[in-house]
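Chemist: Its first residue numbered 297, the sequence shown is counted upward by one per residue in the numbering used here.
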Amino acid sequence: MNQKETNCREVHCEEQEDRVLALSRAAIRHAVRLLAVLMVFVIWWGVADVIYVLYSRISAHPLHLLEIRDIFATFGAFMAVLIAVEVFANIVSYLKDEGLQLEIVMATAYMAVLRKIVILDYKEVSPEYVYATAALALSLAIGYWVTVKYPCGVPLAPGKKDMPPE
């Protein structure tokens with residue numbers, strides 16, 4: 297086999313790999329679009345859950361007042377919907393930029409930890425768990441601050457935009 301034939305085979309293999317990668321990326325983008333549609337349903341389901349929680353808590357009491365635990369349950373339901381909205385923002389960011397933006401991911405993680413802190417029953421958990429949760433919240437806050445203060449402009453999964461220099 298001569299050099300020309302070897303080069304042609306290498307080029308042919310690269311073209312096949314490029315097609316496979318293109319088809320794989322297209323399949324993933326369609327899957328992510330489906331996830332976006334499903335997340336919209338999850339958000340609406342969450343809104344319905346918030347309405348149900350509020351209605352059931354208010355109608356259960358004779359004076360239509362909420363107790364502290366009812367308020368925390370309502371806060372938890374609200375924050376779950378807000379986290380779902382943040383996840384949707386992550387999905388939209390991925391579809392637009394073909395990469396997850398670190399700032400949005402950090403904000404979503406921080407909101408999830410804050411939700412956990414709000415609904416945490418401090419009588420039921422150990423002090424170590426509380427300290428670990430506080431350390432996680434502080435770490436995410438510092439990480440978010442660093443991300444916002446020193447943006448790098450590079451998505452987590454490089455795509456068409458903001459490709460890092462080679």
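Heads up, the beta-carbon is just placed ideally off N, CA and C, and yes, glycines get one too.
(1) Under a Cβ-count criterion, where at least 16 other Cβ atoms within 10 Å of its own Cβ denotes burial, should Val333 be classed as buried or exposed?
(2) Exposed or buried, what is Tyr464 when buried is set at 16 or more other beta-carbons lying within 10 Å of its beta-carbon?
(3) Any contact between the stretch 395 to 413 and the stretch 346 to 362? By contact I mean 3 or more CB pairs, one from each, below 8 Å.
(4) Looking at the structure shown, is His326 part of a helix, part of a strand, or coil, going by DSSP?
(5) Among the candidates Leu359, Val381, Ala385 and Ser352, whose CA atom is the shortest distance from the CA of Thr370?
(6) Since Asp252 is in the alpha helix (DSSP H), which residue starts that stretch and which ends it?
(7) For the stretch 377 to 389 against the stretch 423 to 441, do three or more pairs of beta-carbon atoms, one drawn from each stretch, fall closer than 8 Å, so that the two count as touching?
Modeler: This is what the structure holds:
(1) Within the sequence shown, the letter at position 37 stands for residue 333. Val333 should be labelled exposed.
(2) For the chain, the structure presents residues 297 to 462; residue 464 sits outside this window and is missing.
(3) The stretch 395 to 413 is not in contact with the stretch 346 to 362.
(4) Your numbering for residue 326 matches position 30 in the sequence shown. Look at His326 here: in three-state DSSP terms it is helix.
(5) By one-based count along the sequence shown, residue 370 stands at place 74. Ranking the options by Cα distance to Thr370, first place goes to Ser352.
(6) This structure leaves residue 252 out entirely; the chain is present only between 297 and 462.
(7) The stretch 377 to 389 vs the stretch 423 to 441: no contact.
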